[in-house]
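As structure tokens, the structure follows; a few thoughts come after it.
Protein chains in written order, with the numbering used here: chain A, 1 to 109; chain B, 110 to 984.
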């Protein structure tokens with residue numbers, strides 16, 4: 001299937017969405033990534049990644065209720081879909097499979 | 110400015126570009142970040158970072174899509190083009206004929222366009238073109254009348270003096286000479302003497318030198334760029350000294366100008382100052398009223414109507430020239446010619462260069478138009494007669510709701526697509542044929558000339574117009590089909606178009622026939638002029654113009670004897686000019702029948718003793734010049750038949766012994782020669798007086814070679830020449846070639862006309878071929894049934910072709926009178942014109958009829974050969 005490839009940054013965003021569960025919206029995802037990876041990310045990159053993930057079906061979104069924060073503008077919350085969860089599982093198991101094959105003594109230094 | 114808020118303009122910018130469905134969340138996130146940063150980083154940084162975020166959000170995926178709302182009609186047009194393309198591919202024959210015919214027509218149109226625009230562009234580039242008039246003179250002398258492009262030298266000055274509205278004047282005087290620079294010698298036949306005002310009148314840029322002074326002193330030369338390169342290569346020409354044979358004073362180069370543009374009615378290699386002629390004593394400050402050798406141009410104020418001046422002319426002439434005129438019994442009239450009109454409208458004696466002819470501009474434009482019309486008619490005819498094949502499609506379109514104007518749009522799109530293809534092809538054709546066309550018309554057009562300036566817009570516009578013109582009628586007809594009847598019956602609709610289709614075919618045939626007859630007439634007339642019996646033997650006659658070089662004149666006798674000794678040479682003669690090249694016109698007095706003195710202006714031809722023999726002129730009575738009569742040198746005149754007529758004599762013998770006086774010489778007529786044509790093409794043979802003269806008036810050598818002698822003779826002559834003459838290089842022309850050059854414009858016209866009118870009939874035949882193929886296909890069943898029932902093949906072929914034959918006959922009836930009147934009005938311009946020749950008309954008619962019938966019968970025979978079972982089986 002076209003477009004199901006998961007890029008490194010996309011995977012990071014997807015994981016963060018999963019981890020934040022019900023609280024994943026643009027700024028929150030950005031802050032979380034900043035905190036966890038110490039990596040400076042621009043908010044627009046997060047938006048693009050989220051939109052791509054939604055197009056690929058890994059996340060779905062809904063608009064939150066109106067509040068007094070942010071000048072009354074609503075947030076768009078993202079949640080992991082089961083397809084997204086499966087994609088993360090696949091990536092994880094592939095990684096583990098390869099990881100486990102690394103012999104303990106072969107550190108080539 | 111509120112520091113606690115993000116910059117308003119950044120928010121506004123975000124709102125402008127951002128897609129509506131993302132706007133709220135993006136704005137929200139950016140705002141949230143701003144609030145956080147405001148608290149931690151301070152207002153300034155927060156504002157900057159907000160701006161940065163807004164810029165980073167400016168991504169393709171976030172930007173509004175402008176054409177999100179797709180117009181339905183765009184899809185429709187896509188569909189029209191698709192259908193048009195399918196139609197083209199499906200019926201290859203018709204598409205090919207349509208496109209090829211149109212492309213050829215367009216290519217012809219483009220080529221003629223190049224030619225015509227060049228012709229009408231002459232002298233328009235001068236800024237003051239509309240304010241400049243050339244004065245030309247009509248000179249009436251007893252018994253004769255001349256129309257010169259030239260005027261007396263001091264005419265312009267008198268205009269300036271007498272009329273305040275004449276702002277300025279400039280004169281040109283075309284001359285030649287042998288010029289020397291260092292060791293190099295050049296024979297220049299176009300040195301233009303002119304006034305310092307030259308550069309005020311004509312916008313040819315002066316590259317080096319000062320406009321005010323370059324031509325103000327005697328013996329100054331202004332060279333054109335290419336002449337300067339010829340003489341000095343890369344050296345700086347300014348201040349260089351050039352000497353002229355026969356002139357003691359040396360010339361110095363004072364300026365360099367750009368080459369004279371092609372579209373100028375005169376041409377020259379260099380300008381010399383008019384003061385030179387004054388210094389040489391040739392030109393005086395006043396008088397000299399019968400020295401007709403100067404072109405005069407006058408400058409008028411903006412918007413001045415020259416007719417006002419014309420009404421004052423008789424007074425002007427009387428005041429200035431009245432007495433002079435009466436003393437020689439001649440009289441002038443002057444006319445004005447607008448500068449840009451000279452090239453196409455002026456055909457006077459002694460024009461500065463070969464002029465074009467507005468008639469040919471018209472003829473060519475008409476041909477171009479006709480050819481395009483023929484191609485358009487092809488298109489209209491083919492699409493309407495193919496209507497039956499499209500009927501179902503139209504019916505279905507109508508049933509599903511197509512409006513009539515949509516159908517019209519569809520068919521117009523189709524024809525525009527076709528015309529687009531033809532245009533592309535036409536450009537390729539032009540690209541391919543341009544070199545040979547340039548060759549044909551002796552021009553150097555470039556492909557890019559087609560797109561120069563405003564011309565760029567012509568082609569797309571023309572493409573649309575032709576597309577619309579060709580598709581307009583079919584579109585109306587096809588869109589008018591009633592869907593029910595079209596879908597119900599398989600019978601072809603559009604029988605009502607038959608009359609129109611037939612008239613269009615007749616129209617095409619008429620145009621083709623008129624073009625063919627016209628071409629034949631023009632061909633015959635031009636051939637007739639070329640084959641005019643010139644009255645002398647033009648074969649094997651070698652000419653050389655040495656422009657009066659002193660070196661030659663000095664050595665005349667040795668050249669004569671050495672040339673005569675060369676094997677293959679039968680005779681040698683020196684003369685003032687060559688036949689078909691123009692002569693001086695002199696004041697002449699002669700003795701009338703009654704013995705009284707009569708004066709006239711007659712052409713004079715100064716020759717040596719061997720001239721009559723060398724040229725093979727035929728003596729009617731009397732004798733030629735003879736070295737045995739020593740008095741011949743000063744007293745013998747030979748006249749032509751026209752002089753006899755002028756004298757009112759019927760018997761040539763009566764002229765012998767009458768006295769004549771011309772060119773300061775008085776003597777008796779010793780012989781009469783048959784007329785020979787020394788003024789080519791348009792004009793009749795004029796009275797001519799031939800007499801002997803001193804070598805210094807000669808500038809031509811004519812050498813008669815033995816019949817059958819070849820180029821080796823020329824090599825011998827060159828060796829002899831180089832042994833004797835240093836100043837002038839050996840450059841010869843053959844008489845017949847020189848004459849052909851005279852007729853060159855005519856030959857060229859003939860060639861262009863013939864090629865284009867054959868293209869016209871070719872395109873018409875192409876259309877006819879397609880039309881008959883179509884009609885044969887539509888009549889398959891009809892013909893097959895006849896065949897099955899026992900009709901003979903020839904009968905069927907006859908039945909099929911007779912319709913077209915009738916059309917051909919009708920078009921003949923229409924076209925012959927048109928062609929007759931057109932050709933009569935054209936022929937009226939010529940002095941030596943062919944009479945009405947029925948053969949030409951029969952031939953012209955026969956060509957179209959035969960081509961029509963051949964095209965059509967080819968189809969009818971193809972149809973009759975088919976197996977009828979095959980045609981009848983399929984429905």
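C-beta: ideal position from N, C-alpha, C; glycine also.
(message) Please classify residue 121 (chain B) as buried or exposed, where buried requires at least 16 other C-beta atoms within 10 Å of its C-beta.
(response) Position 12 of the second chain, counted from the first residue, corresponds to residue 121 (chain B). That one is exposed.
(message) Using only the alpha-carbon positions, how far apart do residue 261 (chain B) and residue 753 (chain B) sit?
(response) Indexing the second chain from 1 puts residue 261 (chain B) at position 152. Indexing the second chain from 1 puts residue 753 (chain B) at position 644. In a straight line, the C-alpha of residue 261 (chain B) is about 29 Å away from that of residue 753 (chain B).
(message) Closer than 7 Å between beta carbons: that is the criterion. Which residues of the segment 18-41 of chain A meet it against chain B?
(response) 26 and 27
(message) If we define contact as Cβ-Cβ less than 8 Å, is residue 531 (chain B) a contact residue for chain A?
(response) Counting from 1 along the second chain, the entry for residue 531 (chain B) is found at position 422. No, its Cβ sits nowhere closer than 8 Å to a Cβ of chain A.
(request) Look up residue 798 (chain B) in the DSSP assignment and give the residues it is bridged to. (result) The residue given as residue 798 (chain B) occupies position 689 in the second chain. Per DSSP, B:713 and B:748.
(request) Please name the residue or residues paired with residue 695 (chain B) in a DSSP beta bridge. (result) Looking up residue 695 (chain B) in the second chain gives position 586. DSSP output for residue 695 (chain B) lists B:711 as bridge partner(s).
(request) Starting from residue 79 (chain A), trace the beta strand (DSSP E) both ways and give me its first and last residue. (result) Numbered from its first residue, the first chain carries residue 79 (chain A) at position 79. Counting along the chain, the beta strand (DSSP E) containing residue 79 (chain A) begins and ends at 76-80.
(request) Taking only beta carbons into account, state which residues of the segment 133-144 of chain B come closer than 8 Å to chain A, listed in chain order. (result) 133, 134, 135, 136, 137, 138, 139, 140, 141, 142 and 144
(message) Looking at residue 731 (chain B): is its Cβ nearer than 8 Å to the Cβ of residue 779 (chain B)?
(response) Numbered from 1 along the second chain, position 622 holds the residue referred to as residue 731 (chain B). Numbered from 1 along the second chain, position 670 holds the residue referred to as residue 779 (chain B). Yes, they are a contact pair.
(message) Within a Cβ cutoff of 6 Å, which residues of the same chain sit near residue 720 (chain B), ignoring the five residues on either side of it in sequence?
(response) Residue numbering aside, residue 720 (chain B) sits at position 611 when the second chain is read from its first letter. So the qualifying residues of the chain are 682 and 684.
(request) Give the secondary structure of residue 729 (chain B) by DSSP, where H, G and I count as helix, E and B as strand, and everything else as coil. (result) If you number the second chain from 1, residue 729 (chain B) lands on position 620. Looking at residue 729 (chain B) - three-state DSSP - the assignment turns out to be strand.
(request) Look at the alpha carbon of residue 245 (chain B) and the alpha carbon of residue 224 (chain B), and state the distance between them as a whole number of angstroms. (result) If you number the second chain from 1, residue 245 (chain B) lands on position 136. If you number the second chain from 1, residue 224 (chain B) lands on position 115. Rounded to the nearest angstrom, the two C-alpha atoms are 28 Å apart.
(message) Could you tell me the alpha carbon to alpha carbon distance between residue 118 (chain B) and residue 159 (chain B), rounded to whole angstroms?
(response) As a working note, residue 118 (chain B) is residue 9 in the second chain. As a working note, residue 159 (chain B) is residue 50 in the second chain. In a straight line, the C-alpha of residue 118 (chain B) is about 11 Å away from that of residue 159 (chain B).
(request) For the segment 443-473 of chain B, list the beta strand (DSSP E) runs that are entirely contained and at least 3 residues long, ordered along the chain. (result) none
(message) On the CB-based measure, 16 or more other CB atoms within 10 Å of its CB, does residue 738 (chain B) come out buried or exposed?
(response) Taking the second chain and counting its residues from 1, one reaches residue 738 (chain B) at position 629. Exposed is the call here.
(message) Contact defined as beta carbons within less than 8 Å: I believe residue 556 (chain B) pairs with residue 538 (chain B). What is the distance between those atoms, to the nearest angstrom?
(response) Position 447 of the second chain, counted from the first residue, corresponds to residue 556 (chain B). Position 429 of the second chain, counted from the first residue, corresponds to residue 538 (chain B). Actually they are not in contact, since the Cβ atoms of residue 556 (chain B) and residue 538 (chain B) sit about 11 Å apart, beyond 8 Å.
(request) Figure out for me which residue from B:725, B:573 and B:509 has the closest Cα to the Cα of residue 527 (chain B). (result) Here residue 527 (chain B) refers to the residue found at position 418 when the second chain is read from its first residue. Among B:725, B:573 and B:509, the Cα nearest to that of residue 527 (chain B) is on B:573.
(message) Considering only the alpha carbon of each residue, which of B:152, B:880, B:895 and B:162 lies closest to residue 610 (chain B)?
(response) As a first step, residue 610 (chain B) is located in the second chain; it is residue number 501 there, counting from the start. Looking at the Cα atoms, B:880 is the closest of the given residues.
(message) Could you give the first and the last residue of the continuous beta strand (DSSP E) run that contains residue 769 (chain B)?
(response) Reading the second chain from its first residue, position 660 is the one you call residue 769 (chain B). Where residue 769 (chain B) is concerned, the enclosing beta strand (DSSP E) stretches over 768-771.
(request) Leaving aside the five residues before and after residue 66 (chain A) along the sequence, list all residues of the same chain whose C-beta is less than 7 Å from its C-beta, in chain order. (result) For the purposes of this step, residue 66 (chain A) is identified with residue 66 of the first chain, where counting begins at 1. Cβ within range, chain order: 72 and 74.
(request) Can you give me, in chain order, the residues of the segment 145-173 of chain B that have a beta carbon less than 7 Å from any beta carbon in chain A? (result) 162, 165, 166, 168 and 170
(message) Quick check on this structure: which residue in B:354, B:333, B:327 and B:317 has the alpha carbon closest to the alpha carbon of residue 347 (chain B)?
(response) Sequence index remark: in the second chain, residue 347 (chain B) carries index 238 (1-based). The shortest Cα separation from residue 347 (chain B) among B:354, B:333, B:327 and B:317 belongs to B:317.
(request) Spatial neighbours of residue 474 (chain B) within its chain, please: CB distance less than 6 Å, with the 5 preceding and 5 following residues excluded, ordered by chain position. (result) Your numbering for residue 474 (chain B) matches position 365 in the second chain. Closer than 6 Å at Cβ, skipping near neighbours: 225.
(request) Consider the Cβ of residue 82 (chain A): report whether some Cβ of chain B lies at a distance smaller than 8 Å. (result) By 1-based counting over the first chain, the position of residue 82 (chain A) is 82. It does not; no Cβ of chain B falls within 8 Å.
(message) Please classify residue 106 (chain B) as buried or exposed, where buried requires at least 16 other C-beta atoms within 10 Å of its C-beta.
(response) Absent from the model: residue 106 (chain B). The displayed extent of chain B is 110 to 984, so no value can be given.
(message) For a minimum of 3 consecutive residues, which ranges assigned as the beta strand (DSSP E) are wholly contained in the segment 363-409 of chain B?
(response) 379-382 and 404-408
(message) According to DSSP, is residue 975 (chain B) part of a helix, a strand, or is it coil?
(response) Indexing the second chain from 1 puts residue 975 (chain B) at position 866. In the structure shown, residue 975 (chain B) sits in coil (DSSP, three-state: anything other than H, G, I, E or B).
(message) So, for residue 492 (chain B): in the same chain, excluding its five sequence neighbours on each side, which residues have a beta-carbon less than 6 Å away from its beta-carbon?
(response) As a working note, residue 492 (chain B) is residue 383 in the second chain. Excluding residues within five positions, the ones whose Cβ falls inside 6 Å are 583.
(request) Measure from the C-beta of residue 186 (chain B) to each C-beta in chain A and report whether the shortest distance is under 8 Å. (result) As a first step, residue 186 (chain B) is located in the second chain; it is residue number 77 there, counting from the start. No, residue 186 (chain B) lies away from the interface with chain A (no Cβ there is under 8 Å from its Cβ).
(request) Pull up the distance between the alpha-carbon of residue 602 (chain B) and that of residue 612 (chain B), whole angstroms please. (result) For the purposes of this step, residue 602 (chain B) is taken as the residue at position 493 of the second chain. For the purposes of this step, residue 612 (chain B) is taken as the residue at position 503 of the second chain. With a pLDDT of only 49 at residue 602 (chain B), under the threshold of 50, the placement of this residue in the model should not be trusted; the figure read from the coordinates follows. Residue 602 (chain B) and residue 612 (chain B): Cα-Cα distance of roughly 18 Å.
(request) Residues of the segment 64-76 of chain A with a CB closer than 8 Å to any CB of chain B: list them in chain order, please. (result) 69, 70, 71, 73, 74, 75 and 76
(message) On the CB-based measure, 16 or more other CB atoms within 10 Å of its CB, does residue 716 (chain B) come out buried or exposed?
(response) Stepping through the second chain from its first residue, residue 716 (chain B) is reached at position 607. The residue in question, residue 716 (chain B), is buried, as its Cβ has 16 or more Cβ neighbours within 10 Å.
(request) Would you list the residues sitting across from residue 776 (chain B) in a DSSP beta bridge? (result) Position 667 of the second chain, counted from the start, is the residue given in the question as residue 776 (chain B). According to DSSP, residue 776 (chain B) bridges with B:769.
(message) With a threshold of 8 Å, are at least 3 pairs of Cβ atoms found where one atom belongs to the segment 320-338 of chain B and the other to the segment 234-244 of chain B?
(response) no
(message) For the segment 289-300 of chain B against the segment 440-454 of chain B, do three or more pairs of beta-carbon atoms, one drawn from each stretch, fall closer than 8 Å, so that the two count as touching?
(response) no
(request) Can you say whether residue 359 (chain B) is buried or exposed, counting buried as having 16 or more other CB atoms within 10 angstroms of its CB? (result) Mapped onto the second chain, residue 359 (chain B) falls at position 250. Under this definition residue 359 (chain B) is an exposed residue.
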